[in-house]
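Numbering (full-length UniProt numbering), first residue to last: 1 to 187.
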């Protein structure tokens, strides 16, 4: 699928009283994830993210035929902060008392452009990272989970891209140029 602005929605720490703000500008050549990661309002914590929209009652993607996700980035238009790719195979309906989203297990993969090498002398700034399924860690509300079940690859309901403060280790303006996120099968 291409990058469609109507397929994504922000999910920032504002839901918890924070001041972080994210944007996802979609074009035919990728998506620009950018904004402000604030850590002052929540005492060192903070996050900004964009997630897919959709009917969370049914699977949106069946990824059982693949070995992981390939992330293509333009490092010349990206900073060197740590980002997180998040998959969800279970989403609860909003809390009937307050309308807020209820927490469930997330499967997370952290990445940064600092570990990427490019062929800058040839004018190439595109890099590809491969995130195999076993590198996705289960978390609950941003902390490691003791979840023993595996990610249900046949039932992916949501994909998110996030930047978090890691409790004060990164903050401020952020920018990441995503060229593609693709399910990838090894040869």
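Glycine is no exception: its CB is placed at the ideal position from the N, C-alpha and C atoms.
Cβ neighbours of residue 19 in the same chain (closer than 6 Å, five flanking residues each side left out) | 38 and 41
Let me know the secondary structure DSSP gives residue 53 once reduced to three states.
-> coil
Can you check whether the CB of residue 33 is closer than 9 Å to the CB of residue 161?
-> yes
Length of the line joining the Cα atoms of residue 29 and residue 60 = 23 Å
Mapping DSSP to helix, strand and coil, what is residue 122?
-> Residue placement at residue 122 cannot be trusted, given a pLDDT of 49 that sits under 50; the coordinates are not used to answer.
Buried or exposed (CB count within 10 angstroms, at least 16 for buried), residue 113 | buried
Where does residue 185 land, buried or exposed, given buried means 16+ other C-beta within 10 angstroms?
-> exposed
Supposed contact pair residue 140 and residue 163 - C-beta distance, whole angstroms, cut 8 Å | With 8 Å as the limit, residue 163 and residue 140 do not qualify as a contact, their Cβ atoms being about 19 Å apart.
On the premise that residue 45 lies in contact with residue 136, defined as a C-beta separation below 8 Å, what is that separation, rounded to the nearest angstrom?
-> With a Cβ gap of about 22 Å, residue 136 and residue 45 do not count as contacting.
Given a threshold of 16 other Cβ atoms within 10 Å of its Cβ, counted over all protein chains shown, does residue 172 qualify as buried or as exposed?
-> exposed
Less than 9 Å separating the beta-carbons of residue 151 and residue 107?
-> yes
CB of residue 188 within 9 Å of CB of residue 181, strictly = In the structure as shown, the chain begins at 1 and stops at 187. Residue 188 is therefore absent and cannot be evaluated.
Under the DSSP definition of a beta bridge, which residues are partnered with residue 156?
-> 61
Locate the beta strand (DSSP E) running through residue 34, then write down its first and last residues.
-> 30-37
Pair within 9 Å by beta-carbon distance, residue 87 and residue 71 | no
Residue 158 and residue 91 look like a contact to me (Cβ under 8 Å); what is the Cβ gap, rounded to whole Å?
-> 6 Å
Assigned exposure category for residue 17 - 16 Cβ within 10 Å defines buried | exposed
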